[in-house]
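Per UniProt numbering, residue 1 is the first one in the sequence shown, and the count goes up by one each step. Idealized CB from N, CA, C, for every residue including glycine.
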Amino acid sequence: MKKCSQCNQNFSDDVAFCPKCGRKLDEIVEEKRFCSKCGQQIDINTKFCPKCGAPNEMATKQNGLDSAMKIINNEILKNKNDIEKNDVVQMIREKYLSFSGRLNRKAYIIRGLIVYVIMMILLAIVDVLFEDEISFDEFGMLTTSPGTAELFFTFIICVIGIVIMVSLGVRRLHDLNRTGWMILLNCVPIANLALSVYMVFFKGTEGGNEYGPDPLQMK
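1) Starting from the N-terminal side, write out each stretch of the beta strand (DSSP E) that is 3 residues or longer and does not extend beyond the segment 90-175.
2) Is residue 192 helix, strand or coil when you go by DSSP?
3) In chain order, what residues of the same chain lie with their CB nearer than 6 Å to the CB of residue 101, ignoring the 5 residues before and after it?
4) By DSSP, does residue 24 sit in helix, in strand, or in coil?
5) In three-state terms, what does DSSP make of residue 18?
6) Kindly confirm or deny that the segment 180-199 and the segment 110-119 touch, where touching means at least three C-beta pairs closer than 8 Å.
7) Out of 165, 210, 23, point me to the one whose CA is closest to residue 93's CA.
8) If you check the beta carbons only, do residue 168 and residue 204 fall under 8 Å apart?
9) Contact check, residue 25 vs residue 4 under 8 Å by CB: the rounded distance?
10) In the DSSP assignment, find the unbroken beta strand (DSSP E) run with residue 10 in it and report its ends.
11) DSSP has residue 70 in a bridge; who is on the other side?
12) Let me know if residue 178 comes out buried or exposed under the rule of 16 or more other beta-carbons within 10 Å of its beta-carbon.
13) Thinking residue 13 and residue 2 are a contact (beta carbons under 8 Å), I'd like their distance in whole angstroms, please.
14) Hey, residue 150 and residue 175 are a contact pair by Cβ (cut 8 Å); roughly how many whole angstroms apart?
15) Exposed or buried, what is residue 218 when buried is set at 16 or more other beta-carbons lying within 10 Å of its beta-carbon?
16) Could you tell me if residue 110 is buried or exposed, where buried requires 16 or more neighbouring beta carbons within 10 angstroms of its beta carbon?
17) Should residue 123 and residue 154 be called a contact, given that it needs their Cβ atoms to be closer than 8 Å?
18) DSSP state of residue 180, grouped into three classes?
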């Protein structure tokens, strides 16, 4: 049996050169192993001598090495998955929960829509999962109202959504070279509409400002 060291393919003894790359083939020297107890010739991968039953030390060592390599590979894969998970968490923090830096109009609108759609889906799921509480009003009429569990999860979802939207709004104001405290104008009627128009339609500062570099130039 012969083998091409470049293509890593085996050929019969009558072939002198690799038909694929033209390299001269090397003869494969079969390594012989003998039982340390009775001297019987055995295969390197055989765990026990077929004659006397003694364990093959080379096979045992090889199996141990394979097991160790398997454990190492699994650990590397686990660490890789942990790193990828950490990268995802870091990405979510930077895009949706950061209050520093700048955010251009396109990213502000797209991320805002994503948050809105996810909130609506979650609120719809909560509404389906939890039944309304049934009661009677002062006139004896049957009425329904959201249960305690539904109100609790609705409150949590809304709080998280508000925090994310405030984060997006603060960075959008930074892009306009305005203080993030202007986001509080959303609590004032009419002023909140003017602020929304300003944040959506006005272009951010070209180049860097006191809040960071131009996000359009960082792409």
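Looking at the atomic coordinates:
1) Segments of the beta strand (DSSP E) lying fully in the segment 90-175: 133-136, 142-145.
2) Taking the sequence shown and counting its residues from 1, the one referred to as residue 192 is at position 192. Three-state DSSP puts residue 192 in a helix.
3) The count along the sequence shown starts at 1 and reaches residue 101 at position 101. Sequence-distant Cβ neighbours of residue 101 in its own chain, meaning closer than 6 Å and more than five residues away, are 171, 212.
4) For the purposes of this step, residue 24 is identified with residue 24 of the sequence shown, where counting begins at 1. Annotated three-state conformation of residue 24 is strand, per DSSP.
5) Within the sequence shown, the letter at position 18 stands for residue 18. Residue 18: coil per DSSP, three-state reduction.
6) By the Cβ test, the segment 180-199 is not in contact with the segment 110-119, since fewer than three Cβ pairs between them sit closer than 8 Å.
7) Position 93 of the sequence shown, counted from the start, is the residue given in the question as residue 93. Of the candidates 165, 210, 23, the one whose C-alpha sits nearest the C-alpha of residue 93 is 165.
8) As a working note, residue 168 is residue 168 in the sequence shown. As a working note, residue 204 is residue 204 in the sequence shown. No. Outside cutoff.
9) By one-based count along the sequence shown, residue 25 stands at place 25. By one-based count along the sequence shown, residue 4 stands at place 4. With 8 Å as the limit, residue 25 and residue 4 qualify as a contact, their Cβ atoms being about 6 Å apart.
10) Along the sequence shown, read from residue 1 onward, the residue named residue 10 stands at position 10. In the DSSP assignment, residue 10 falls within the beta strand (DSSP E) that extends over 9-11.
11) One-based indexing of the sequence shown puts residue 70 at position 70. Bridge partners of residue 70: none, in fact.
12) Sequence index remark: in the sequence shown, residue 178 carries index 178 (1-based). Taking all protein chains shown into account, residue 178 has 16 or more neighbouring C-beta atoms within 10 Å of its C-beta and is therefore buried.
13) The sequence position of residue 13 within the sequence shown is 13, counting from 1. The sequence position of residue 2 within the sequence shown is 2, counting from 1. Residue 2 and residue 13 do touch by the CB rule: their CB atoms are close to 6 Å apart, below 8 Å.
14) Here residue 150 refers to the residue found at position 150 of the sequence shown. Here residue 175 refers to the residue found at position 175 of the sequence shown. That pair is no contact at about 38 Å.
15) The residue labelled residue 218 in the question sits at position 218 within the sequence shown. Per the 10 Å Cβ criterion, exposed.
16) The residue you call residue 110 lines up with position 110 of the sequence shown. Residue 110 is exposed by the Cβ-count criterion.
17) For the purposes of this step, residue 123 is identified with residue 123 of the sequence shown, where counting begins at 1. For the purposes of this step, residue 154 is identified with residue 154 of the sequence shown, where counting begins at 1. The answer is yes: Cβ separation under 8 Å.
18) On the sequence shown, residue 180 is found 180 positions in, with the first residue counted as 1. Helix, per DSSP.
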